[in-house]
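To start, the structure itself, in structure tokens.
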Amino acid sequence: HRCSLRGEDLNRQWLSPSAHLQPTIYHAKGLLYYLSSIGRSPVVFCDFHGHSQKKNVFLYGCSIKETLWQAESTVGTSNLSEDVSYRTLPKILDKLAPAFTMSSCSFVVEKSRASTARVVVWREMGVSRSYTMESSYCGCNQGPYQVCDAVGYPCFLYTSSTL
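Each residue of the sequence shown is one higher than the one before, starting from 1 at the first, in UniProt numbering.
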């Protein structure tokens, strides 16, 4: 569902995309680098996906402290400074969008996600509010759409209209 015509998962090509093999990723990343070079880095980066297992709408974000804590790293997190504004958008959505659920959000960066858009934009370009928004294929279990069997167009429209 997110493969290129070559059968590649395009969301795993962000570390070193090819201009010939993954042109959309290559040029999107180039645009982000250009904006950064002229001092116009994005305040928020959001990649939109469908999720096949969890219900509702939620975000994956990036936090070095939460990642180290989850990994039970021996590196002390008390000395690390982190811009906690990465939690602002999820908190706003949790208050405004009935299909959004904060408890399904995660800010841990797993090794297997190192080549995804949100992680590459966070690490390489320093965008602290870099997210993947997941909208479920499995339906909502809260808000006005909890009776629906699947989150479809109306649920996405309602969530996106609150952005």
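For every residue, glycine included, the Cβ atom is placed at its ideal position computed from N, Cα and C.
When we look at the beta-carbon of LYS111 and count the other beta-carbons within 10 Å, is it buried (16 or more) or exposed? By the 16-neighbour rule on beta-carbons within 10 angstroms, LYS111 is exposed.
Do the CB positions of CYS140 and LYS29 come within less than 8 Å of each other? No, they are not a contact pair.
Under the rule that 16 or more other beta-carbon atoms within 10 Å means buried, what is VAL151, buried or exposed? In this prediction, VAL151 scores a pLDDT of 46, lower than 50, which makes its location untrustworthy; no coordinate-derived value is stated.
Taking the beta carbon of PHE48 as the centre, do at least 16 other beta carbons fall within 10 Å, making it buried, or is it exposed? Burial is judged here by how many other beta carbons sit within 10 angstroms of a residue's own beta carbon; PHE48 has fewer than 16 and is exposed.
Can you check whether the CB of PRO42 is closer than 8 Å to the CB of PRO98? No. Outside cutoff.
Expressed to the nearest angstrom, what Euclidean distance is found between the alpha-carbon atoms of ARG87 and GLU124? Their backbone Cα atoms lie some 20 Å apart in a straight line.
Leaving aside the five residues before and after ARG6 along the sequence, list all residues of the same chain whose C-beta is less than 7 Å from its C-beta, in chain order. When the five nearest sequence neighbours on each side are left out, the beta carbons in the same chain lying within less than 7 Å of the beta carbon of ARG6 are those of LEU21, in order along the chain.
Could you name the residues of the same chain whose beta carbon sits closer than 7 Å to that of VAL127, not counting the 5 residues immediately before and after it, in chain order? Contacts found: SER41, PRO42, PHE45 and VAL121.
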